[in-house]
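Here the numbering used here is used: position 94 in the sequence shown is 142, and no number is missing along the way.
Just so you know, even glycine gets a beta-carbon here, dropped at the ideal spot from N, CA and C.
Keep in mind that this is a model prediction, so the values were computed, not measured.
Presented below is the structure to which this report refers.
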Amino acid sequence: MNSVRDILKESDYWINLDPNSHEAQSQRNRIPKFPELEKALSLWAQEFANLLGISKFKASDGWLSNFKKRIGLHEFNHHGEASSAPLESLESGNGSKIP
């Protein structure tokens, strides 16, 4: 939870923010861990869509979330004993062994 002091510290950012921008519409101000990689992936997706003749493509958060769901891409944080399991004995979600 933000304190009044934290909000006031960032007041210049919020005052100068375009109300129609993506940052203004989001509920959290999340700073990417790898901003260069995110920008490159977004540009790549847009270029690839153009090469395929898709003119109305937008690499939005919703598109990315749905893409990850469709291909089964998940992030798991293992804690305790699960984080020390030998990978060679684990099975993937479809029942096959993980290489």
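Where do the N-terminal and C-terminal ends of the alpha helix (DSSP H) with residue i fall, by residue?
i	result
S90	83 to 99
L56	52 to 57
Does DSSP classify residue i as helix, strand or coil?
i	result
L121	coil
A72	helix
S103	coil
I79	coil
D109	helix
D60	helix
Does the distance from the CB of residue i to the CB of residue j come in under 8 Å?
i	j	result
F105	Q94	yes
A107	S90	yes
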